[in-house]
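In our numbering, the protein residues as written are 285 to 318.
No residue lacks a Cβ here, since even glycine has one placed at the ideal position from N, Cα and C.
Since we're looking at a predicted model, the values are computed, not measured.
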């Protein structure tokens, strides 16, 4: 069974990846508009 710390770390990584992808998408869309 996973420890709580491992779970927290995994959640942080997932959130970080999703946030990064979202920001990247916004940047790409902004480039297209300009």
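Asked, Found
"Suppose you measure from the CA of residue 295 to the CA of residue 307; what does that come to, to the nearest Å?", "18 Å"
"Output the distance between the C-alpha atoms of residue 303 and residue 287, rounded to the nearest integer angstrom.", "24 Å"
"Could you pull the start and end residues of the alpha helix (DSSP H) that residue 287 belongs to?", "Run containing residue 287: none; DSSP gives neither H nor E here."
"In whole angstroms, give me the CA-to-CA distance for residue 310 and residue 289.", "32 Å"
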